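Student:
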Amino acid sequence: YITKKGTPTPETKLGVSYGSFDSITYTVGTRGMKGRVGYSVNFKREEEHSGYIDNTNWQNTVFNLRSDFDVDEASTLGFTFGFVKYDNKFAPGLTKEQLQQNRKQNVSNFDDSDESKGELYRFSLRYERDISSSSRFSATGYLRDSDSTYWMTWAGTTEMVLKERNIGADLRYEWDGEIFNRENHLILGFDVRKDDCKWPWYYTDTKKNRTGPYKDRDFKRQTLAPYIQNEYKIVDPLSLTVGVRYDNITV
9 YITKKGTPTP ETKLGVSYGS FDSITYTVGT RGMKGRVGYS VNFKREEEHS
59 GYIDNTNWQN TVFNLRSDFD VDEASTLGFT FGFVKYDNKF APGLTKEQLQ
109 QNRKQNVSNF DDSDESKGEL YRFSLRYERD ISSSSRFSAT GYLRDSDSTY
159 WMTWAGTTEM VLKERNIGAD LRYEWDGEIF NRENHLILGF DVRKDDCKWP
209 WYYTDTKKNR TGPYKDRDFK RQTLAPYIQN EYKIVDPLSL TVGVRYDNIT
259 V
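For what it's worth, our numbering labels the leading residue of the sequence shown as 9, then goes sequentially.
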């Protein structure tokens, strides 16, 4: 996490780990600051080739980029970009007899899907400004785009495609002060979001060729949500946090 308070020491980390069920994880990360621009880049690759079920394997790739620019002493402009790609294969669900023969086995852990793969992109732009030494304002806009496919055999062979786009913004005011000589942190905010989801299902043959439509669950949704949260320190280290949020959803 990068802020305009101080200059972080540049650092780079590399990592490799190996665990049970032939799982292996690779990580690369770097962060630092150049002038008024801070940066953070992280990459992670996870693989598992046996898992709890024979003939099961999954691969996940995650990439995150963040950069912050100090506009002046009181304000910061930043953006983030994230990418996730996954390819998971699960053996079919097993009977009780098969489980007794080999306790290493288990059933599929994603709604009985035999295989799932997809990609997710997310991007956000954020502006922060210190109004005073005890209060600040921030505005964040974001876009999230995902495209996933699942194959299932629990009701014949079916394919489910999920394409989803989320666009939204969050406005927030924060205040730190004292009430009755006790520390207090107040948050006032307003969240707006628009979701567009296309969710078609298809019948397929054993080679994953589509043989006909099954059903559609497309929908669009808009959300307007004001919220308030307050954290009051009763006695150190005991704090009381209360809040309320109202979601007005239109489908």
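Each residue gets a CB set at the ideal place from its N, CA and C atoms; glycine is no exception.
Because the structure is a prediction, the values reported are computed rather than measured.
(1) According to DSSP, simplified to helix, strand and coil, what is D199?
(2) If you follow the beta strand (DSSP E) that D244 is in, where does it begin and where does it stop?
(3) Could you check where the beta strand (DSSP E) with T166 kicks off and where it finishes?
(4) Could you tell me how far apart the beta carbons of K52 and D95 are, in whole angstroms, since I believe they sit closer than 8 Å?
(5) Between I195, S247, N217, V250, which lies nearest to R180 when the distance is taken from Cα to Cα?
(6) T212: buried (16+ other C-beta within 10 angstroms of its C-beta) or exposed?
(7) Provide the residue span of the beta strand (DSSP E) that contains W209, from first to last.
(8) In the structure shown, what three-state DSSP assignment does S141 receive?
(9) In chain order, what residues of the same chain have a beta carbon less than 7 Å from the beta carbon of T219, not counting five sequence neighbours either side?
(10) Given that a residue counts as buried once 16 or more other Cβ atoms are within 10 Å of its Cβ, and exposed if not, what is E167?
(11) Helix, strand or coil for D30 per DSSP?
(12) Could you have a look at N217 and say whether DSSP puts it in helix, strand or coil?
(13) Smallest Cα separation from K171: which of A177, E136, W207, S142?
(14) Quick one: any contact between the stretch 181 to 191 and the stretch 232 to 251, if contact means 3 or more CB pairs under 8 Å?
(15) Who pairs with H193 in a beta bridge, going by DSSP?
(16) Alpha carbon to alpha carbon, how far is W66 from E123?
(17) For T84, does the count of other Cβ atoms within 10 angstroms reach 16, so buried, or fall short, so exposed?
(18) Name the one or two DSSP bridge partners that Y250 has.
(19) Kindly give me the distance between the Cβ atoms of D138 and R144, rounded to whole angstroms, as I take these residues to be in contact under 8 Å.
(20) From which residue to which residue does the beta strand (DSSP E) around T84 run?
(21) Quick check on the burial criterion: 16 or more other C-beta atoms within 10 angstroms. Buried or exposed for E186?
(22) Between which two residues does the beta strand (DSSP E) harbouring T258 extend?
Tutor: According to the data block:
(1) strand
(2) Run containing D244: none; DSSP gives neither H nor E here.
(3) 166 to 187
(4) So it is not a contact: roughly 15 Å between Cβ atoms.
(5) I195
(6) buried
(7) 208 to 212
(8) coil
(9) Y211, T212, D213
(10) buried
(11) helix
(12) coil
(13) W207
(14) yes
(15) D184, E239
(16) 9 Å
(17) buried
(18) One detail in the question is off: residue 250 reads as Val in this sequence, not Tyr. In the DSSP output, where bridge partners are listed per residue, V250 has N238.
(19) 5 Å
(20) 83 to 97
(21) exposed
(22) 256 to 258
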